[in-house]
Amino acid sequence: MDAITRRKFIQIGAAGAGVAAVGSGLTTRWWGLDGDPVEDPGTEGDRVVATFCELCFWNCGQLAHVKDGRVTKITGNPDHPLSRGRLCPRGAGATGLLYDPDRLKRPLVRASKRGEDVFQEVSWDAALNKVGEGLLRVKARHGPEAVALFTHGFGGSWFKWFMKVWGSPNIGAPSYAQCRGPREAGYTLTYGAPLGSPEPIDLENARVITLIGSHLGENMHNTQVQELADAIGKGAQLVVVDPRFSVAAGKARYWLPVKPGTDVALLLAWMNVILEEKRYDAEYLAKHATGLEELKAHVAGKTPEWAWPLTGVRPELIRESARFIAAARPASLVHPGRHTTWTGDDTQRARAMAILAALLGSWGRRGGFLSTGAMPLAGYPVKGPSGTVRPAADKPKQGGFPVADEVLASGLCDATKPGFAMYDMKAWIVYGTNLIQSLPAPQETVKAIQGLDFLVAIDVLPAEICGWADVVLPEATYLERDDDLAAPRWKTPFVAIRQAAVEPMYDSRPGWWIAKELGKAVGLGEHFPWRDAREFVETRLRASNLDAAELRRKGVLAGKRIATCEEEGAPPPISTESGKIQLHSAELAKLGFDPLPSFYPPEEGPPGSFRLLMGRAPTHTFGRTTNNRLLAEPYPENEVWINADAARALPTPVKDGDRVMLVNQDGARSGPVRAKVTERIRGDCVYLVHGWGHTARGLGYARGRGASTSALTTRYKVDPIMGGTGMNVNFVRLEPAERSA
Amino acid sequence: MKKRYAMAVDTRRCVGCSACVIACKTENRLPSGGFRDWIVQETTGRFPGLSMEIRSERCNHCSDAPCVAACPTGASHVAEGGVVMVNRAKCTGCKACIASCAYGARYVHADGYVDKCTFCLHRVQQGKQPACVETCPTRSLTFGDLADPESAVVKLVHSRRNKVLKPETGNRPNLFFLT
């Protein structure tokens, strides 16, 4: 009876549903006589290749499942200490990069004026010859140092080697002066060494975690987010300082919606409370630090009441949160942050955070900052560079930025302007970094490019920078190539291997091959004696007495866990000259800077404008992933966050979902972009996830989606201590999208 | 004892990163625009007195599943462990199930049938975790058997304050949100 009813229904339904349903319907399968199968989508690999991720720079261990020559899915490698079997969305979505239809497929040579983005496909031989000629011409006229390398990503190691043997020290990554540089300078001044990546912090054992402008959880550094969740699971509490009600703020015991650019005032007030009320670790400081008396005198009077009108944070909230942070010491972790180039006084803010960590006695203690170690690895026996090399030209001729301990990418761009630095940059090699988006003030970057003799871009996708190149070399994605070994400092030292899961698609080639061929093209072939990356890595492993076969199988080999904190018998890792934590920095005083961080009010924008803030979404690594169609599904484009009251009060009120254009103080425009009208942000700023608003013709998905923070960053404020480019100094107005069309 | 699969979703651990969404899409070869799980961020209050809940949502695999009752062809059915499944060979794409679902857990696949979360039963049968559970960086997702008092999911549901979504439907959903 039941069957007849169903049949009737299907006949009726089939008229609308299409003939195919009827045609295939009258079978035993249709009627379910063979039961209801549990269908297996068949994505488990016939082969599983262990490697590590390149969707961001955390380099998590992955297992690439390969079936019929295709990567079907990517899962976390349980043995890898950074992924622990789990991946963030980007790592899991790496097939969206591998199978991106917009990938660079063949070498390209520019066929019209630079920047017009007109190219001709050529053979690898022709492309490499062209690059060789371009570089040799610059070398002959200006010396090898006139060639700069901009690089970001693990595969850059091969090109850094090229630069060494070529004879140029001008190797810069935007991850320093545009990102974590001020932090590295601030912690080096205080403790003697930079923090590096991954940061040596003990989130999982912290009882209170303080985030200052760090939006961990949206900023998806896998291990840190895992540890954050574990800490929350164990009852840890969060204190979040952010103008925006971030995901972390949503989990916090205290949210301090600070006025952008005034964090130093808040930090001084916190220290005032902790020092006045003697809540600091006096014994620890007596043993390990100098400058406590100077610090006390410096913060005297910097009360929460003093900070209130500056920061917009109520004094009770400042006082209560300070006590809360101090009560959990030493397992009270003030997260050092990562993207720290905000307002140009960033090294001093990092110093204030580093000093606060010292007051809490958390440096070198469980739940605070740890000692980490790297697996010792032998190098490949190879003939190194010969001859002397001029110092890097990443700073103005008259000097400056004395505390920078890496080359400034922005400085190399500046050095392209004739006469800016000790000598001029004449050619750029750009590996895996879209300088149009990753450096501030794109108008200056483009101007610098116009003055170059030669530019070669090596990339996976046709980002904006490729459009400005003379030659574009298509690199294979990390899933199609072997690379060098990874052995970062970590609580448990380890070594991880990157190995190709599938053959390179199209006519793309791995970075090691490109660098080696480039070496040959400029007569430096003898410095690239390895057959390939595989042989390179195996030679290193053999010399290090490590089992290559086991590493290939597992993807990672762990060393012995080291003593990471005082509780495990390790002394706090202080490597300053005096061996003491520098609360007061004599070094800064000697260089003419404030020896203790002082508050300077940030510049205000024009009336009716909002300070532009930028950050990350968990599904994206700035502009590198915005064309990844798989990752675009949960996050298809950025939105401009604006406070609900502020949006209502605009001359033309903006409603949630409205399309608007953003126009900055210099008339630079970006958008149209959807407005997210929300309670989750202060009324004096707006927020964008960085990496959208692409203009490159070849980015079929991302082009024209969302708004570009870079296009709106026509101004930046340089940190005088280390040269970081503070970028949160631009102000925008919102205009309805129609009007500005 | 008959199995009763369920999931606990820890809204305090979850950061809403969408790793579950991407892992599901690749594990199950979902078409562009098709989702078996998704993230909801719910903010309440006014600046600065705000609170937020983040949920990784998917089919609730209701014990009284209206979608199964609504299905005219028997395509929607209850499989092992109470998992609500669609037999795509029997599905005509009529969308009666979509209309009956209070959670928006189903969508029409490009190939014409209705698709939804299966708790990755194909993996569970091999002793593995669902793909979303396996990848979740914050370990917010716990899958298991409600009928087994020793299972992690039972322990969580008993020890932590939790809620189900739209209990008023009377469908007896099996996703428990730990708050």
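Note that the protein sequences, when read in sequence, are chains A and B. Heads up, the numbering used here is the position in the first sequence plus 572, with the first residue counted as 1. Heads up, the numbering used here is the position in the second sequence plus 8, with the first residue counted as 1. Just so you know, even glycine gets a beta-carbon here, dropped at the ideal spot from N, CA and C.
Would you kindly work out how many angstroms separate the C-alpha atoms of residue i and residue j, rounded to a whole number?
i	j	result
Leu1024/A	Leu1306/A	36 angstroms
His793/A	Arg752/A	14 angstroms
Ile998/A	Val979/A	Checking the displayed sequence, the identity of residue 998/A turns out to be Lys instead of Ile. Computed Cα separation, rounded: 17 angstroms.
Pro1237/A	Pro1178/A	Strictly speaking, residue 1237/A in this sequence is Gln, with Pro absent from that position. Each residue's alpha carbon lies about 7 angstroms from the other.
Asp153/B	Arg180/B	15 angstroms
Leu1168/A	Leu942/A	24 angstroms
Gly590/A	Lys103/B	Its pLDDT being 39, under 50, Gly590/A is placed unreliably in this model, and the value from its coordinates should be taken loosely. Cα to Cα, the separation comes out at about 15 angstroms.
Arg147/B	Ala1020/A	47 angstroms
Val594/A	His637/A	At Val594/A the pLDDT is 40, less than 50, meaning the model places this residue with poor confidence; the figure from the coordinates comes in the next sentence. Roughly 37 angstroms between the two C-alpha positions.
Asp774/A	Gly940/A	5 angstroms
Ala664/A	Thr795/A	15 angstroms
Ser786/A	Pro1012/A	20 angstroms
Leu38/B	Ala107/B	21 angstroms
Gly972/A	Pro1292/A	7 angstroms
Gly24/B	Val737/A	46 angstroms
Val1261/A	Gly89/B	42 angstroms
Trp602/A	Ala666/A	Legend: pLDDT at Trp602/A = 46, less than 50; position of this residue unreliable, value from coordinates given subsequently. Distance between the alpha carbons of Trp602/A and Ala666/A: 37 angstroms.
Glu626/A	Asp72/B	45 angstroms
Ala1058/A	Val92/B	44 angstroms
Gly585/A	Lys10/B	Residue placement at Gly585/A is poorly supported in this model, since its pLDDT is 40, which falls under 50; the coordinates are not used for a value here.
Arg1275/A	Gln133/B	43 angstroms
Asp525/A	Phe1100/A	With chain A running from 573 to 1313 in the structure shown, residue 525/A is simply not present.
Met15/B	Ser159/B	11 angstroms
Ala592/A	Gly82/B	Model confidence at Ala592/A stands at a pLDDT of 40, short of 50, so the residue's coordinates are unreliable; what they give is reported in the following sentence. Cα to Cα, the separation comes out at about 19 angstroms.
Ala85/B	Ala113/B	Before going on, a small fix: residue 85/B reads as His here, not Ala. In a straight line, the C-alpha of His85/B is about 15 angstroms away from that of Ala113/B.
According to DSSP, is residue i helix, strand or coil?
i	result
Ser747/A	helix
Trp696/A	helix
Ile1293/A	coil
His1266/A	strand
Lys711/A	helix
Ile1069/A	coil
Pro957/A	coil
Phe1026/A	strand
Ala757/A	helix
Trp733/A	helix
Glu865/A	helix
Phe184/B	strand
Ser1242/A	strand
Lys174/B	coil
Gly1039/A	helix
Ala27/B	helix
Given the structure, does residue i come close to the ligand PLP, in the sense that its CB is under 7 angstroms from one of the ligand's heavy atoms?
i	result
Lys1162/A	The model on display carries no ligand, and the ligand PLP is accordingly not part of it.
Inset, instruction - Check distances from the C-beta atoms of the stretch 17-32 of chain B to those of chain A and list, in chain order, the residues that come in under 7 angstroms. - result: Arg20, Arg21, Val23, Gly24, Cys25, Ser26, Ala27, Val29, Ile30 and Ala31
Legend entry - Residues, ordered as in the chain, of the stretch 654-674 of chain A that lie near chain B by beta-carbon distance below 9 angstroms: Ser655, Arg656, Gly657, Arg658, Leu659, Cys660, Pro661, Arg662, Gly663, Ala664, Gly665, Thr667 and Gly668
Inset, instruction - May I ask you to list, following chain order, the residues of the stretch 156-180 of chain B that have a beta carbon less than 9 angstroms from some beta carbon of chain A? - result: none
Inset, instruction - Examine the Cβ distances between the stretch 96-106 of chain B and the stretch 131-150 of chain B and report whether three or more of them are shorter than 8 angstroms. - result: no
Inset, instruction - May I have a chain-ordered list of the alpha helix (DSSP H) segments no shorter than 4 residues that lie completely inside the stretch 778-809 of chain A? - result: 794-805
Legend entry - Continuous beta strand (DSSP E) assignments of at least 3 residues falling wholly in the stretch 36-92 of chain B: Correct list: 45-54, 57-66 and 84-86.
Legend entry - Length-filtered (3 minimum) beta strand (DSSP E) runs lying within the stretch 1102-1186 of chain A: 1128-1130
Inset, instruction - Determine contact between the stretch 117-133 of chain B and the stretch 774-790 of chain A, defined as no fewer than three beta-carbon pairs at a distance below 8 angstroms. - result: Touching, no, given that fewer than three Cβ pairs across the two stretches are closer than 8 angstroms.
Inset, instruction - Answer yes if the stretch 903-920 of chain A comes into contact with the stretch 1029-1043 of chain A, meaning at least three C-beta pairs across the two stretches below 8 angstroms, and no otherwise. - result: no
Inset, instruction - Ignoring anything shorter than 4 residues or poking outside the stretch 962-1018 of chain A, list the alpha helix (DSSP H) runs there in chain order. - result: 981-986 and 1007-1010
Legend entry - Near-chain B residues of the stretch 776-789 of chain A - C-beta to any C-beta below 9 angstroms: Listed by position, the residues of the stretch 776-789 of chain A near chain B (Cβ gap below 9 angstroms) are Leu788 and Gly789.
Inset, instruction - Could you name the residues of the stretch 1237-1261 of chain A whose beta carbon sits closer than 9 angstroms to any beta carbon of chain B, in the order they occur along the chain? - result: Thr1250, Glu1251, Arg1252, Ile1253, Arg1254 and Gly1255
Legend entry - Touching by the beta-carbon criterion (3+ pairs, under 8 angstroms), the stretch 746-761 of chain A and the stretch 1079-1091 of chain A: no
Inset, instruction - Compile a chain-ordered list of the residues in the stretch 58-69 of chain B whose CB is closer than 9 angstroms to at least one CB of chain A. - result: Those residues of the stretch 58-69 of chain B placed with their C-beta closer than 9 angstroms to a C-beta in chain A are Leu58, Ser59, Met60, Glu61 and Ile62, ordered along the chain.
Inset, instruction - Assess, as a yes-or-no matter, whether the stretch 11-25 of chain B is touched by the stretch 801-818 of chain A under the definition of 3 or more beta carbon pairs within less than 8 angstroms. - result: yes
Inset, instruction - For the stretch 1141-1154 of chain A and the stretch 923-935 of chain A, state whether three or more C-beta atom pairs, one from each stretch, are separated by less than 8 angstroms. - result: yes
Legend entry - Every unbroken alpha helix (DSSP H) within the stretch 608-661 of chain A, with a cutoff of 4 residues, ordered by chain: As for any alpha helix (DSSP H) of minimum length 4 sitting wholly inside the stretch 608-661 of chain A, there is none.
Legend entry - Contact list for the stretch 621-653 of chain A against chain B, Cβ threshold 8 angstroms: Thr644, Lys645, Ile646, Thr647 and Gly648
Legend entry - Short-range partners of chain A found in the stretch 81-106 of chain B, where Cβ spacing is below 8 angstroms: Thr81, Gly82, His85, Ala87, Glu88, Met93, Asn95, Arg96, Ala97, Lys98, Thr100, Gly101 and Cys102
Inset, instruction - Could you list the residues in the stretch 793-808 of chain A with a C-beta less than 8 angstroms from some C-beta on chain B, going in chain order? - result: Asn794, Val797, Gln798, Leu800, Ala801, Asp802, Ile804 and Gly805
Inset, instruction - Can you give me, in chain order, the residues of the stretch 1199-1230 of chain A that have a beta carbon less than 8 angstroms from any beta carbon in chain B? - result: Against chain B - using a Cβ distance shorter than 8 angstroms - the residues of the stretch 1199-1230 of chain A are Arg1201, Leu1202, Leu1203, Glu1205, Pro1206, Tyr1207, Asn1215, Ala1216 and Asp1217.
Inset, instruction - Check each residue of the stretch 136-149 of chain B: if its Cβ is closer than 9 angstroms to any Cβ of chain A, include it; give the result in chain order. - result: Among the residues of the stretch 136-149 of chain B, those with a Cβ less than 9 angstroms away from any Cβ of chain A are Ala139, Glu142, Thr143, Cys144, Pro145, Thr146, Arg147 and Ser148, in the order of the chain.
Inset, instruction - Would you mind listing the alpha helix (DSSP H) stretches within the stretch 824-874 of chain A that are 4+ residues and don't spill past its ends, in chain order? - result: Entirely contained in the stretch 824-874 of chain A, the alpha helix (DSSP H) runs reaching 4 residues are, in chain order, 835-848, 854-860 and 864-871.
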